[in-house]
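Just below is one structure, and these are the notes that go with it.
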């Protein structure tokens with residue numbers, strides 16, 4: 005194809021590809037050389053050879069040190085005023101973590117399927133006879149050559165009518181045979197009896213299904229014997245002893261005939277505390293009598309299975325919450341198999357899942373409303389500032405307008421906390437000296453504490469390095485301090501400590517107060533979103549939820565100890581940074597963007613009338629790109645009041661067309677970071693094909709450190725909502741004048 009010229013490469017290229025940007029500018033073909041050999045032909049055809057259509061692909065690259073990374077590559081053709089594609093803006097995102105998670109899930113699923121396929125017993129997953137999955141042994145029992153063929157079999161038609169209820173615990177009708185033998189009709193029409201167990205399960209789609217296990221063929225004509233049966237018995241013994249659930253075999257009166265190691269661990273049985281004679285006597289909730297009644301119902305065959313949640317006495321004297329599943333074993337002795345699962349772990353997992361779902365829902369809510377909500381707050385607070393400039397400071401009207409402005413800022417702060425809590429705000433983690441952050445905030449902390457609270461900060465040297473985002477760490481410390489000070493309205497002591505954690509390779513941050521403390525009921529809910537004990541209007545309930553989210557994101561742990569009336573200590577352990585020492589101050593700007601290999605030839609267009617910036621103004625020309633009309637008008641009014649000449653564009657495409665037109669370039673582009681038609685990376689990349697030095701000021705509802713925003717020299721940020729002074733100051737900084 006035509007010779008390609010690379011005009012601009014963002015600093016993110018070097019971070020993802022591990023190769024210098026200059027190499028790609030000087031040797032465009034090196035892009036394909038870095039693609040994984042198995043993906044190179046596809047990328048050359050569909051991505052590198054982009055024409056008039058947009059491209060969206062995922063493929064692998066190989067970094068110079070040999071590591072393989074997955075990238076999501078998108079390319080967008082940009083047309084000139086004649087409608088011809090004269091440049092292409094491309095973006096790539098490192099999606100390796102997402103692909104690794106997907107691969108891990110697939111491997112886990114494959115391993116589980118392999119275990120089922122290779123099990124020495126027949127395993128069938130079915131829904132009222134419709135087979136969903138079967139292994140090779142089940143196929144052999146049913147006279148099929150391959151497990152896939154079993155899915156075409158009507159399982160209930162193969163099972164003796166008298167035995168179908170046993171094979172389908174979802175069916176509440178039909179007889180309940182006392183012995184655990186299911187008769188299966190072979191393809192030759194013979195009935196063969198198998199020892200069996202059938203339990204309820206839940207399919208991936210949430211629908212109830214039945215899980216049927218068959219082993220040890222047994223018919224009167226063919227008694228159970230031989231080495232094959234012995235192998236099955238040995239396999240079952242290994243399954244019993246190595247099961248991840250506590251298993252026990254009980255007699256009809258509750259006598260413990262055997263139990264596995266997992267059950268002994270759950271209930272503290274060992275050489276010092278041997279197993280009891282009767283398990284049902286240890287059931288404290290709902291009590292031994294009801295436990296014994298359930299056992300008799302299963303042992304007699306009146307009930308097929310019984311499920312329940314109980315509390316059983318541990319050998320150490322405390323109670324253990326368990327989920328129990330009772331099912332009758334075969335034979336005439338009325339033995340019952342009991343499966344026990346520790347409810348504490350299940351409940352903790354359920355709590356984590358619910359918390360994760362709440363966080364995800366809040367994240368979607370915050371991400372959805374942040375842009376539009378902060379646009380509204382920008383208009384409210386911005387116009388409040390303009391009105392205040394026209395009023396006397398001591399007038400009643402001015403006081404009312406200040407209240408409006410204050411309410412708008414508080415509303416924007418709530419959105420900010422939601423974004424942080426939901427992890428949609430925060431930049432890339434860097435090696436960080438956490439002790440330096442504590443020393444930086446100490447003066448402000450002492451000022452906030454006032455005269456009634458004594459403050460001490462104790463930092464053990466050499467134990468304060470972590471890998472985290474500095475902005476989020478400051479928010480974490482601020483939230484903990486705020487919570488501690490709120491607990492000491494009448495004064496007290498506040499101690500911050502930083503030292504090596506008890507676990508090797510960790511850093512421990514502690515915040516201790518002598519305040520009101522919390523009772524167990526409050527402690528259980530303290531990290532829940534919107535939970536607060538403060539009076540209405542004195543807290544959002546997001547501070548500690550934010551702390552929990554930040555610590556969990558960094559693979560840390562939180563321990564809270566509190567006594568009502570005595571105070572609270574929050575201890576946080578984070579993984580220590582074991583690499584090179586962090587820089588003295590975190591870099592505020594990304595490295596400079598190199599100049600393009602050559603000046604981009606800008607098209608010459610016929611005059612379409614006077615350019616919006618055709619007459620130079622002393623303070624400079626600013627192009628405002630904003631698709632929200634009220635924000636665009638406000639920004640234009642503020643900048644014109646400050647002496648700037650202002651041009652406007654309502655879309656990203658309109659801005660790009662203006663910049664590639666025949667008029668002179670503006671001195672600065674001020675653009676919304678969330679335009680409806682172009683994301684900020686695409687917009688900045690398009691601007692850089694025109695000029696590598698034109699400064700860009702992005703207005704964002706998100707934190708400037710958000711990794712979705714572009715980086716590079718000449719790229720500046722202003723967070724919404726903003727007032728007139730903040731916008732003018734940001735413009736002066738972007739122009740290098742303040």
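Residue numbers (the working numbering): 5 to 742.
No residue lacks a Cβ here, since even glycine has one placed at the ideal position from N, Cα and C.
Keep in mind it's a predicted model, so treat the numbers as computed, not measured.
Close Cβ partners of residue 632 (< 6 Å) along its chain, the five nearest in sequence each way excluded | Here residue 632 refers to the residue found at position 628 when the chain shown is read from its first residue. The answer, listed in chain order, is 379.
In angstroms with no decimal places, state the Cα-to-Cα distance between residue 393 and residue 650.
-> For the purposes of this step, residue 393 is taken as residue 389 along the chain shown, with counting starting at 1. For the purposes of this step, residue 650 is taken as residue 646 along the chain shown, with counting starting at 1. For residue 393 and residue 650, the distance between alpha carbons rounds to 22 Å.
Member of 28, 299, 655 and 676 whose CA lies at the smallest distance from the CA of residue 310 | What you label residue 310 is simply residue 306 of the chain shown in a count that begins at 1. Of 28, 299, 655 and 676, the residue nearest in Cα terms is 299.
Terminal residues of the continuous alpha helix (DSSP H) containing residue 18?
-> For the purposes of this step, residue 18 is taken as residue 14 along the chain shown, with counting starting at 1. Where residue 18 is concerned, the enclosing alpha helix (DSSP H) stretches over 16-21.
What are the boundary residues of the alpha helix (DSSP H) that residue 692 is part of?
-> Within the chain shown, residue 692 is the residue found at index 688, counting from 1. Segment 684-694, the alpha helix (DSSP H) holding residue 692.
From 268, 501 and 291, pick the residue whose C-alpha is nearest to that of residue 246; which is it?
-> Your numbering for residue 246 matches position 242 in the chain shown. Cα-wise, what sits closest to residue 246 is 268.
Which value, in whole angstroms, describes the spacing of the CA atoms of residue 454 and residue 578?
-> By one-based count along the chain shown, residue 454 stands at place 450. By one-based count along the chain shown, residue 578 stands at place 574. The straight-line gap from Cα to Cα measures roughly 30 Å.
Neighbourhood of residue 255 by C-beta distance below 7 Å, restricted to the same chain and skipping five residues each side = The sequence position of residue 255 within the chain shown is 251, counting from 1. Closer than 7 Å at the Cβ level, and outside the excluded window around residue 255, lie 261 and 339.
Can you have a look at residue 250 and say buried or exposed, based on whether 16 or more other CB atoms are within 10 angstroms of its CB?
-> Numbered from 1 along the chain shown, position 246 holds the residue referred to as residue 250. Classification for residue 250: buried.
Residue 402 versus residue 396: straight-line alpha-carbon distance, rounded = The sequence position of residue 402 within the chain shown is 398, counting from 1. The sequence position of residue 396 within the chain shown is 392, counting from 1. Going from the Cα of residue 402 to the Cα of residue 396 covers about 7 Å.
Fully enclosed by the stretch 32-64, which alpha helix (DSSP H) runs are 4 residues long or longer?
-> 34-37 and 41-50
Residue ranges of each beta strand (DSSP E) run of no fewer than 3 residues wholly in the stretch 101-169, ordered along the chain?
-> 126-131 and 134-138
Where the beta strand (DSSP E) through residue 95 begins and ends = Walking along the chain shown from the start, residue 95 turns up at place 91. 89-98 is the extent of the beta strand (DSSP E) around residue 95.
Based on Cα-Cα distance, which residue from 80, 24 and 27 lies nearest to residue 50?
-> As a first step, residue 50 must be located in the chain shown, where it is residue number 46. Out of 80, 24 and 27, 80 has the C-alpha closest to the C-alpha of residue 50.
At 4 residues or longer, and completely inside the stretch 447-504: list those alpha helix (DSSP H) runs for me, N to C.
-> 474-490
Rank 729, 704 and 657 by C-alpha distance to the C-alpha of residue 87 and give the top, closest one.
-> Stepping through the chain shown from its first residue, residue 87 is reached at position 83. Among 729, 704 and 657, the Cα nearest to that of residue 87 belongs to 657.
Closest by CA to residue 155, which one among 149, 138 and 506?
-> Along the chain shown, one-based indexing puts residue 155 at 151. Of the candidates 149, 138 and 506, the one whose C-alpha sits nearest the C-alpha of residue 155 is 138.
Expected contact under 8 Å - CB spacing of residue 272 and residue 346 to nearest Å | If you number the chain shown from 1, residue 272 lands on position 268. If you number the chain shown from 1, residue 346 lands on position 342. In fact, because the Cβ distance is near 12 Å, the residues do not count as touching under 8 Å.
Looking at residue 91 and residue 11, is the spacing between their C-beta atoms short of 9 Å?
-> Along the chain shown, one-based indexing puts residue 11 at 7. Along the chain shown, one-based indexing puts residue 91 at 87. The answer is yes: Cβ separation under 9 Å.
Just the C-alpha distance for residue 569 and residue 481, rounded to the nearest angstrom, thanks.
-> One-based indexing of the chain shown puts residue 569 at position 565. One-based indexing of the chain shown puts residue 481 at position 477. Rounded to the nearest angstrom, the two C-alpha atoms are 23 Å apart.
Cβ distance (whole Å) where residue 580 is taken to contact residue 466 below 8 Å | For this step, residue 580 is matched to residue 576 along the chain shown. For this step, residue 466 is matched to residue 462 along the chain shown. With a Cβ gap of about 10 Å, residue 580 and residue 466 do not count as contacting.
Measure the Cβ-Cβ separation of residue 573 and residue 515 and say whether it is below 9 Å.
-> Locating residue 573 in the chain shown gives position 569, where the first residue counts as 1. Locating residue 515 in the chain shown gives position 511, where the first residue counts as 1. In this structure, residue 515 lies closer than 9 Å to residue 573 by Cβ.
Report the residue from 551, 99, 560 and 386 whose alpha carbon sits nearest the alpha carbon of residue 506.
-> Start at 1 with the first residue of the chain shown, and residue 506 comes out as number 502. With distances taken between Cα atoms, residue 506 lies closest to 560.
Given a threshold of 16 other Cβ atoms within 10 Å of its Cβ, counted over all protein chains shown, does residue 152 qualify as buried or as exposed?
-> Within the chain shown, the letter at position 148 stands for residue 152. By the neighbour-count rule (16 or more Cβ atoms within 10 Å), residue 152 is not buried but exposed.
Looking at the structure shown, is residue 4 part of a helix, part of a strand, or coil, going by DSSP?
-> Nothing can be reported for residue 4: it is not among the residues displayed for the chain, which extend from 5 to 742.
Ends of the alpha helix (DSSP H) at residue 331?
-> Indexing the chain shown from 1 puts residue 331 at position 327. Counting along the chain, residue 331 falls outside any alpha helix (DSSP H), though it belongs to the beta strand (DSSP E) covering 323-332.
Could you name the residues that DSSP lists as bridge partners for residue 188?
-> Position 184 of the chain shown, counting from 1, holds the residue named residue 188. In DSSP, residue 188 forms a bridge with 163 and 196.
Measure the alpha-carbon distance for residue 576 versus residue 381 and round it to whole angstroms.
-> In the chain shown, residue 576 corresponds to position 572, counting from 1. In the chain shown, residue 381 corresponds to position 377, counting from 1. Each residue's alpha carbon lies about 35 Å from the other.
Under 9 Å, do residue 215 and residue 127 count as touching if we go by C-beta distance?
-> Within the chain shown, numbered from 1, the residue matching residue 215 stands at position 211. Within the chain shown, numbered from 1, the residue matching residue 127 stands at position 123. Taking 9 Å as the Cβ cut-off, residue 215 and residue 127 qualify as a contacting pair.
Please state if the CB of residue 189 and the CB of residue 162 are separated by a distance shorter than 9 Å.
-> Locating residue 162 in the chain shown gives position 158, counting from the first residue. Locating residue 189 in the chain shown gives position 185, counting from the first residue. Cβ atoms of residue 162 and residue 189: closer than 9 Å.
In the DSSP assignment, find the unbroken alpha helix (DSSP H) run with residue 734 in it and report its ends.
-> Start at 1 with the first residue of the chain shown, and residue 734 comes out as number 730. 728-738 is the extent of the alpha helix (DSSP H) around residue 734.
Going by Cα to Cα distance, which pick from 108, 13, 135 and 145 is closest to residue 124?
-> Position 120 of the chain shown, counting from 1, holds the residue named residue 124. Looking at the Cα atoms, 145 is the closest of the given residues.
Alpha-carbon spacing of residue 44 relative to residue 158, whole angstroms | What you label residue 44 is simply residue 40 of the chain shown in a count that begins at 1. What you label residue 158 is simply residue 154 of the chain shown in a count that begins at 1. Each residue's Cα considered, the two are about 48 Å apart.
At what residues does the alpha helix (DSSP H) containing residue 24 begin and finish?
-> Numbered from 1 along the chain shown, position 20 holds the residue referred to as residue 24. Segment: none, residue 24 is in no alpha helix (DSSP H) and carries neither H nor E.
In whole angstroms, what is the alpha-carbon distance linking residue 553 and residue 20?
-> Along the chain shown, one-based indexing puts residue 553 at 549. Along the chain shown, one-based indexing puts residue 20 at 16. C-alpha separation (whole angstroms): 26 Å.
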